[in-house]
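Below: one structure, written as structure tokens.
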Amino acid sequence: MASKFKVIIAGASGATGKLVLNRLLNTDDVEKITAIGRRKLEIDNPKLEQRIVNFDELPDDLCAEHDVAICTLGAPRTKYGKEMFIKVEQTYVLAFAERCKKSGVKQFHMLSGHGADATSRFLYYQIKGEADTKIADMGFERAIIYRPAVLLVERSDSRFYESVVRSMFSAFD
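Using this note's numbering, the first residue of the sequence shown is number 78, and each one after it goes up by one.
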């Protein structure tokens, strides 16, 4: 029998993170999931451990005894402003990845964005691209960076571009 994975996820309270967490909770190959975040999730499952953290001061042992890390952290600039966008999308993502690497996490999966490019003149693409490059260079056995063009998930806030794309794709349902 193959060994089961222990997964740590940052960003499980967001739209994409919720979907990822739900999938993990229903996957037999996952033994344990640690969800880290600023607030408790309204989920009760024996596989799930929740840790409330301050992303400005992540504990050094946060990722100990985990095989896989998943990062879906995000903060829309239009909602939170430039400084918080950079802090969440880059500073917090990299701090999480660094803790994972130091703790021996073998796989790091990260949600980025289509067009991410560290040399871009556009802040969104630049910040995402810089984070992607740094994660890829950290030396994980496997670093997987997902760059979707658009996320078709249910959100509590309104995002014009996503609503347009969602309406276009609804014709195919």
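Don't be surprised by glycine CBs; every beta carbon is placed ideally from N, CA and C.
The model shown is predicted, which means the values in this text are computed figures rather than measured ones.
{"Check": "Per-residue burial, A117 [other beta carbons within 10 Å of its own, 16 or more giving buried]", "Outcome": "It should be noted that the sequence gives Lys, not Ala, for residue 117. Per the 10 Å Cβ criterion, exposed."}
{"Check": "CA nearest to the CA of M187, picked from F173, D105, K164", "Outcome": "F173"}
{"Check": "Three-state class that DSSP yields for G114 in the structure shown", "Outcome": "strand"}
{"Check": "Cα-Cα separation, K183 to D144", "Outcome": "6 Å"}
{"Check": "Proximal residues to R236 (C-beta, below 6 Å), its chain only, five neighbours per side dropped", "Outcome": "Caution applies to R236, whose pLDDT of 46 falls short of 50 and renders its modelled position unreliable; the value that the coordinates give is listed next. Within the same chain, R236 has no close Cβ partners at all."}
{"Check": "C-alpha gap between E239 and P225, whole angstroms", "Outcome": "The predicted position of E239 is uncertain, since its pLDDT is 47 and thus under 50; no value can be drawn from it."}
{"Check": "Reduced DSSP category for I212 - H, G, I as helix; E, B as strand; rest coil", "Outcome": "helix"}
{"Check": "Exposure label - D138; buried when at least 16 CB within 10 Å", "Outcome": "exposed"}
{"Check": "Whole-angstrom distance between I163 and N131, CA atom to CA atom", "Outcome": "16 Å"}
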